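A.B. asks:
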Amino acid sequence: MESIGNSAESVAQAFVRAINRQDADRLAALMSRTHRFIDSLGRVIEGREKMREGWAAYFRMVPDYSVAIEEIYPGEPVVVMLGMATGTYSRDGKLHPENRWQTQVAIRALVEDGLIAEWRVYADNEPIRTVMASGK
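Each residue of the sequence shown is one higher than the one before, starting from 129 at the first, in this note's numbering.
(1) Do three or more CB pairs link the stretch 239 to 248 to the stretch 159 to 169 at distances below 8 Å?
(2) Does the stretch 134 to 147 come into contact with the stretch 214 to 225, if we say contact requires no fewer than three beta-carbon pairs (one atom in each stretch) closer than 8 Å?
(3) Do the stretch 210 to 220 and the stretch 232 to 240 meet, that is, are 3 or more Cβ pairs less than 8 Å apart?
(4) Once you ignore the five residues that flank Ala156 on each side, which residues in its own chain have a CB closer than 6 Å to its CB?
(5) Less than 8 Å between the C-beta atoms of Ala237 and Val206, yes or no?
(6) Take the Cβ of Tyr201 as the centre, count every other Cβ of all protein chains shown within 10 Å, and call the residue buried at 16 or more, exposed below.
(7) If we require 3 or more residues per run, which beta strand (DSSP E) segments fall completely within the stretch 154 to 201?
(8) Quick check: the Cα distance between Ser135 and Val195, rounded to an integer number of angstroms?
(9) Considering Arg248, what are the terminal residues of the beta strand (DSSP E) in which it resides?
(10) Tell me, which residues are paired with Met212 by DSSP?
(11) So the alpha helix (DSSP H) Arg257 belongs to, where does it begin and stop?
(12) Do you know whose CA, among Val239, Val249 and Gly215, lies nearest Pro255's CA?
Put into structure tokens, the structure is as follows:
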């Protein structure tokens, strides 16, 4: 397991690295027991185990999902990160180039006791919705 510092910034960056490795178990290890995920539509999912399952399902749907952070605004206990989310939507486990999408993303991470207590994502999900609706 990687060694991370205790600052909110280092914990948030470790979370992004786990996302980029599609490692739902590592993500869960970095979440508080009462972790809250809030998507760009304001939907809330609460609980570490629900989110472990949620990330694992998302990685099956978008096996190469990644987040490239371009700017970080560190603070304690909140970190804001701006960047680009990309991936390839997959119905069959295969990566078809025509199903690749990307969108700008802003993330607000609340870190408590060295764990991600809340992960809030602001992104336009229309690019992946368009690919999903294409039926490819």
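Just so you know, even glycine gets a beta-carbon here, dropped at the ideal spot from N, CA and C. Model, not experiment: these values are computed from the prediction.
C.D. replies: Concretely, from the data shown:
(1) Contact between the stretch 239 to 248 and the stretch 159 to 169 is present, with at least three C-beta pairs closer than 8 Å.
(2) Too few Cβ pairs lie closer than 8 Å, so no.
(3) yes
(4) So the qualifying residues of the chain are Arg176 and Arg180.
(5) It is a contact, given that the beta carbons lie within the stated cut-off.
(6) Here Tyr201 is exposed. Its C-beta has fewer than 16 other C-beta atoms within 10 Å.
(7) 159 to 166, 172 to 174 and 194 to 201, all fully within the stretch 154 to 201.
(8) 20 Å
(9) Leu243 to Ala251
(10) Bridge partners of Met212 according to DSSP: Ala196 and Gln232.
(11) Glu254 to Ala261
(12) In terms of CA proximity to Pro255, Gly215 leads the group Val239, Val249 and Gly215.
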